[in-house]
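Residue numbering for the sequence shown follows the working numbering, beginning at 581 and increasing consecutively.
Just so it is clear, CB atoms sit at the ideal spot from N, CA and C, and this is done for glycine as well.
Presented below is the structure to which this report refers.
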Amino acid sequence: MCCSLYGGEAAARFYQHYQDCVVAKRIGWLLEVERIVVRGIAAVYAIYLLLPILLLSIGSVGELWMNSLLPSGITVQWYVDIWLDSSFRSAFTTSLVVALSACAINTILALPLAYSLYHKAGRGGSAAAKIVSMMPIVVPTITLGFGYIIVFNTDVFPWLGTLPLLIVVHAVHTLPYLTNTLLSDLRHSDLATLERAAATLGATELQQFFGIAIPNLRKSLLSGLMMVSAISVGEFGLSNLLASFQNRTYPVVLWQAFYGTTGFACAATVILLVLASTAAFVSSTAIKKS
Numbered sequence: 581m582c583c584s585l586y587g588g589e590a591a592a593r594f595y596q597h598y599q600d601c602v603v604a605k606r607i608g609w610l611l612e613v614e615r616i617v618v619r620g621i622a623a624v625y626a627i628y629l630l631l632p633i634l635l636l637s638i639g640s641v642g643e644l645w646m647n648s649l650l651p652s653g654i655t656v657q658w659y660v661d662i663w664l665d666s667s668f669r670s671a672f673t674t675s676l677v678v679a680l681s682a683c684a685i686n687t688i689l690a691l692p693l694a695y696s697l698y699h700k701a702g703r704g705g706s707a708a709a710k711i712v713s714m715m716p717i718v719v720p721t722i723t724l725g726f727g728y729i730i731v732f733n734t735d736v737f738p739w740l741g742t743l744p745l746l747i748v749v750h751a752v753h754t755l756p757y758l759t760n761t762l763l764s765d766l767r768h769s770d771l772a773t774l775e776r777a778a779a780t781l782g783a784t785e786l787q788q789f790f791g792i793a794i795p796n797l798r799k800s801l802l803s804g805l806m807m808v809s810a811i812s813v814g815e816f817g818l819s820n821l822l823a824s825f826q827n828r829t830y831p832v833v834l835w836q837a838f839y840g841t842t843g844f845a846c847a848a849t850v851i852l853l854v855l856a857s858t859a860a861f862v863s864s865t866a867i868k869k870s
């Protein structure tokens, strides 16, 4: 009797161990399939993203590219031609002026705006913060562009094609990105404790803003401004609709270059890519350090 009971328990344990092994193998197989699928999707995405960049880089140093997958010959003359082209130098200067001006305007506006939204969100006013954070996604640039054309192509506001309008438009377009970056940093900081401590020492709200908030937002402000500059330098839709011939930005001139020599346009695109990538790298580095 005891032997039969012992044998039954051993069989049950053996069966349970067998079931556990089967489940473990199935889980391992599913995890392996998941890894393969994820790696496959990542590889396809990388090819889709990097292949055009690779072809543009090759085309920028190719001597001739006519109806073939790859260009023939090697040359750096296209980069020299860009440097000697006055229209590209002027467009680069315009893009730089617009980007730096947008950064200056956003610094003045985004710091108090993010600080105000942070405190209002703590008192139940988070709807405004959500609207600001969603604006770049919700509002298409072409909608804003046509609206600006209607408003600023009138006798009352004859500013269409002017550099100041282009600067303001870029500032408005990039302001939510900087504001959202600052808001995110404020939410993850212990700012409320520092402000309460400063208030007990008699600091006013203005003193708390300049003495506590701004110093704690230095790194996120830097990373946000790098993001703003990258977006502004690469912005095409609004600039193409609103810029005049004298105030064309770099992406607008770049788009027009593709109607000419392919190698010249590829070299100009690579320059824009390097500028945007550098700004994005500096921004991400500042975010990691913060």
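Check your understanding: What residues are listed by DSSP as bridge partners for A823?
Key -> G741
**Study point:** Pairwise C-alpha distance: P651 and L797
**Key:** 48 Å
Check your understanding: Is S812 near V678, with beta carbons less than 8 Å apart?
Key -> yes
Point to revise | Any beta strand (DSSP E) of 3 or more consecutive residues that is wholly inside the segment 770–817 | key: none
Review point. G725 lies in the alpha helix (DSSP H); which residues open and close that run?
Key: T721 to F732
Exercise for review: Write down the C-beta distance between L781 and A690 rounded to the nearest angstrom, noting that I regard them as a contact closer than 8 Å.
Suggested key: Going by Cβ atoms, the distance from L781 to A690 rounds to 28 Å, so no, they are not a contact pair.
Review point. Can you name, in chain order, every residue of its own chain whose Cβ lies under 7 Å from the Cβ of E775, other than the five neighbours on each side?
Key: Q788 and I792.
Practice item. Note the first and the last residue of the continuous beta strand (DSSP E) segment covering L644. Key: G642 to L644 is the span of the beta strand (DSSP E), which, as asked, contains L644.
Practice item. Can you have a look at F790 and say buried or exposed, based on whether 16 or more other CB atoms are within 10 angstroms of its CB? Key: exposed
Exercise for review: Check whether the Cβ atoms of F732 and L724 sit closer than 8 Å, and answer yes or no.
Suggested key: Taking 8 Å as the Cβ cut-off, F732 and L724 do not qualify as a contacting pair.
Review point. Which class does G840 belong to by DSSP, given the choice of helix, strand or coil?
Key: coil
**Study point:** Contact between the segment 620–635 and the segment 822–834 (3+ Cβ pairs under 8 Å)
**Key:** no
**Study point:** Rounded C-alpha distance that separates G639 from G653
**Key:** 10 Å
Practice item. Might you give, ordered along the chain, the residues of its own chain that have their beta carbon closer than 6 Å to the beta carbon of L693, omitting 5 neighbours on each side? Key: If we look at L693 and ignore the five residues flanking it on each side, its Cβ neighbours are T759.
Practice item. Under 8 Å by Cβ, that's how I've got T687 and L805 pegged, so tell me the actual separation to the nearest angstrom. Key: 7 Å
Exercise for review: Please classify S648: does DSSP put it in a helix, a strand, or coil?
Suggested key: coil
Check your understanding: L852 to Q657, Cα distance in whole Å?
Key -> 17 Å
Practice item. Determine, using beta carbons only, whether I794 and A751 come nearer to each other than 8 Å. Key: Their beta carbons are not under 8 Å apart, which means I794 does not touch A751 by this criterion.
Exercise for review: Leaving aside the five residues before and after T742 along the sequence, list all residues of the same chain whose C-beta is less than 8 Å from its C-beta, in chain order.
Suggested key: S824 and N827
Point to revise | Beta-bridge pairing of I654 - partner residues as DSSP gives them | key: For I654, which the question treats as bridged, DSSP gives the partners G642.
Review point. Going by other Cβ atoms of all chains shown within 10 Å of its Cβ, with 16 needed for buried, is F668 buried or exposed?
Key: It counts as buried.
Practice item. Could you have a look at H753 and say whether DSSP puts it in helix, strand or coil? Key: helix
Review point. For T849, which residues from the same chain have a beta carbon less than 7 Å from its beta carbon, with the 5 sequence-adjacent residues on both sides left out?
Key: Here the set comprises L636 and L834.
Review point. How many angstroms separate the CA atom of A671 from the CA atom of V736?
Key: If you draw a straight line from the Cα of A671 to the Cα of V736, it comes to about 28 Å.
Review point. Skipping 5 residues on each side, what residues in its chain have a beta carbon closer than 7 Å to that of G814?
Key: P831, L852 and A856
Review point. Can you tell which of V660, P632 and L664 has the C-alpha that lies nearest to the C-alpha of L649?
Key: Nearest of V660, P632 and L664 to L649, Cα basis: P632.
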